[in-house]
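Encoded as structure tokens, the structure appears first; notes follow it.
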Amino acid sequence: MPRAKRTEQEIKMMRERILDATLELLRQEGLEGVSIRKIADRIGVSHMLLYSYFDDRAAIIQSLRERGFEQMEAFCAESLRRAETGDALVQVRESLGRFIQISHEHPMLYQLAWRRATSWRADPQNVTTILEHLSRLIQLCIERGQCIERDPPLAATMAFSMVNG
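My numbering applies: residue 341 is where the sequence shown begins, and numbers increase by one.
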């Protein structure tokens, strides 16, 4: 007897369960410890079922990476909104502090946010997004006399580099 077709909501929920299990494995065992079988065991399903939701392990890792970066982008958007109506310098400090906090609490996820999972080379788009955010915050600080006048993109790059070693 054929199975009932999954609803869009059911598909989304299962994908989230898979990503949550992958994140836990990543935290506990590192990238090398993440496998389709281990993820399936974590959520109590057949390993073959995961292929109904993702093409392979790399696709799961990429989706996890994208989810993490979407959260970072949401944080940046909220930070910029607060800076436009409040203290921009506080938002620069909070943004840099947030990057440090995430890098310490979730080091593997933080690395995934900045690098392409398949090659471990820097992902220029993600880095550019964050540098543009910091640059805009620094520009607001300069306009309000909270920072010494300097080139905002250069200052953003320097600040981001200091935070990331």
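C-beta: ideal position from N, C-alpha, C; glycine also.
From what residue to what residue does the alpha helix (DSSP H) around residue i run?
i: residue 468; result: 464-483
i: residue 489; result: Here residue 489 belongs to no alpha helix (DSSP H), and DSSP marks it neither H nor E.
i: residue 350; result: 348-369
i: residue 386; result: No alpha helix (DSSP H) contains residue 386, which DSSP labels as neither H nor E.
Excluding the 5 residues flanking residue i on each side, which residues of the same chain have their C-beta closer than 6 Å to its C-beta?
i: residue 383; result: 357 and 361
i: residue 477; result: 423, 428, 431 and 432
i: residue 408; result: 449 and 453
i: residue 493; result: 475
i: residue 376; result: 387, 390 and 397
i: residue 442; result: 450
In chain order, what residues of the same chain lie with their CB nearer than 7 Å to the CB of residue i, ignoring the 5 residues before and after it?
i: residue 438; result: 415
i: residue 301; result: Outside the shown range of the chain, which is 341 to 505, sits residue 301, and nothing can be said about it.
i: residue 436; result: 499 and 503
i: residue 365; result: 373, 374, 378, 379 and 382
i: residue 471; result: 493, 496, 497 and 500
Which same chain residues end up closer than 8 Å to residue i when comparing Cβ atoms and leaving out the 5 residues on each side of it in sequence?
i: residue 403; result: 355, 359 and 394
i: residue 351; result: 393
i: residue 410; result: none
i: residue 367; result: 446, 448 and 449
Could you check whether the segment 386-403 touches the segment 420-436, counting it as contact only if at least three pairs of C-beta atoms, one from each stretch, sit closer than 8 Å? no
Touching by the beta-carbon criterion (3+ pairs, under 8 Å), the segment 446-453 and the segment 473-488: no
Jot down the residue ranges of each uninterrupted alpha helix (DSSP H) in the segment 380-460, minimum 4 residues, whole runs only, in chain order. With a minimum length of 4 residues, the continuous alpha helix (DSSP H) runs that stay inside the segment 380-460 are 397-425, 428-445 and 447-454.
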